[in-house]
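Residue numbers (our numbering): 1 to 255.
What follows is the structure, encoded as structure tokens:
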């Protein structure tokens with residue numbers, strides 16, 4: 001179906017605004033960097049490009065698996081916090097509050113050097129993925145719970161009136177509506193997960209940030225590696241945010 005003239009005009013206007021903002025940001029950054037008395041040398045960054053690429057792939061791989069873990073765990077914790085059994089509700093609530101109330105750095109150190117060591121888990125990748133997924137899953141559990149509890153009681157009564165059991169009510173009534181409401185918060189949390197993966201270097205994982213630190217130390221250049229580092233994260237986080245907006249528009253409907 002061809003786009004309407006109004007839609008084409010709106011898209012053109014947004015593209016012009018984006019270009020204007022990009023030009024303004026570029027000019028601002030150029031002015032700021034020009035004011036710094038620092039001699040830039042990108043030779044070292046180019047020499048370590050393969051290590052930089054390996055670190056980026058490691059970060060993306062860890063983040064992708066941790067995303068799956070966090071979404072599954074967040075959904076299970078949300079169900080647990082809405083369980084009819086008080087002991088399950090209290091246990092899941094305690095996990096969520098404990099994880100959300102303590103720093104990720106502390107959880108990584110205790111989880112890897114104490115808990116994983118006691119369980120004879122010697123692979124930092126495994127413990128890193130589990131700990132990162134648990135940390136973000138606790139936040140996602142609250143996002144999911146808020147989205148589910150925002151569904152009006154009248155819709156739940158209508159589901160019971162047509163004979164839906166609890167599983168059918170979740171599948172056909174609650175989850176389709178809660179999905180759209182949870183998308184913005186979920187996207188923000190998954191973007192945070194990608195950035196939080198930089199802390200995995202404390203348990204011996206040479207992800208992107210650690211590779212940049214090694215590169216900067218080897219070339220005696222403290223800044224050159226961090227600009228490509230920022231771009232490497234933006235390459236992933238910006239499309240993820242755009243995809244979430246597209247999905248949010250696709251699931252948009254009156255409830």
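Ideal placement from N, C-alpha and C gives every residue a C-beta, glycine not left out.
What you are looking at is a predicted structure, and each value in this text was computed from that prediction instead of being measured.
query: Assess, as a yes-or-no matter, whether the region 240 to 250 is touched by the region 184 to 199 under the definition of 3 or more beta carbon pairs within less than 8 Å.; result: yes
query: Our contact map puts residue 137 next to residue 77 with C-beta atoms below 8 Å; I'd like the distance itself, whole angstroms only.; result: 6 Å
query: Can you give the beta carbon distance from residue 108 to residue 203, rounded, assuming they're within the 8 Å contact cut?; result: 6 Å
query: Please state whether DSSP places residue 120 in a helix, a strand or coil.; result: coil
query: Please list, in chain order, all residues of the same chain as residue 256 whose beta carbon is under 7 Å from its beta carbon, the five residues on each side excluded.; result: Nothing can be reported for residue 256, as the shown portion of the chain is limited to 1 through 255.
query: By the 10 Å Cβ neighbour count, where 16 or more other Cβ atoms means buried, how is residue 174 classified, buried or exposed?; result: buried
query: Go to residue 209, then tell me how far its alpha helix (DSSP H) extends in each direction, as first and last residue.; result: 208 to 219
query: Just the Cα atoms here: how many angstroms apart are residue 112 and residue 67?; result: 19 Å
query: Note down the Cα distance separating residue 17 from residue 23, rounded to an integer number of angstroms.; result: 10 Å
query: Can you tell me whether residue 12 is buried or exposed? The criterion is at least 16 other CB atoms within 10 Å of its CB, across all chains shown.; result: exposed
query: Tell me the DSSP secondary structure of residue 9 in three-state form.; result: helix
query: What is the residue span of the alpha helix (DSSP H) that residue 192 lies within?; result: 175 to 196
query: Among the residues of its own chain, which have a CB less than 7 Å from the CB of residue 228, if the five just before and after it don't count?; result: 45, 52
query: In the DSSP assignment, the alpha helix (DSSP H) including residue 159 goes from what residue to what residue?; result: 153 to 161
query: When the distance is taken between beta carbons, is residue 163 closer than 8 Å to residue 62?; result: no
query: Using a Cβ-Cβ cutoff of less than 7 Å, which residues in the same chain neighbour residue 190 once the five nearest sequence positions on both sides are dropped?; result: 67, 240
query: Consult DSSP for residue 250 and reduce its assignment to one of helix, strand or coil.; result: helix
query: Between residue 10 and residue 171, what straight-line distance do the alpha-carbon atoms span, to the nearest angstrom?; result: 37 Å
query: With residue 223 and residue 133 assumed to form a contact (beta carbons below 8 Å), what rounded beta-carbon distance in angstroms separates them?; result: The Cβ separation is near 32 Å, so there is no contact.
query: What number of angstroms, rounded off, separates the C-alpha of residue 49 from the C-alpha of residue 200?; result: 21 Å
query: For residue 14, I'd like the list of residues in its chain whose CB is within less than 7 Å of its CB, leaving aside the five on either flank, ordered along the chain.; result: none
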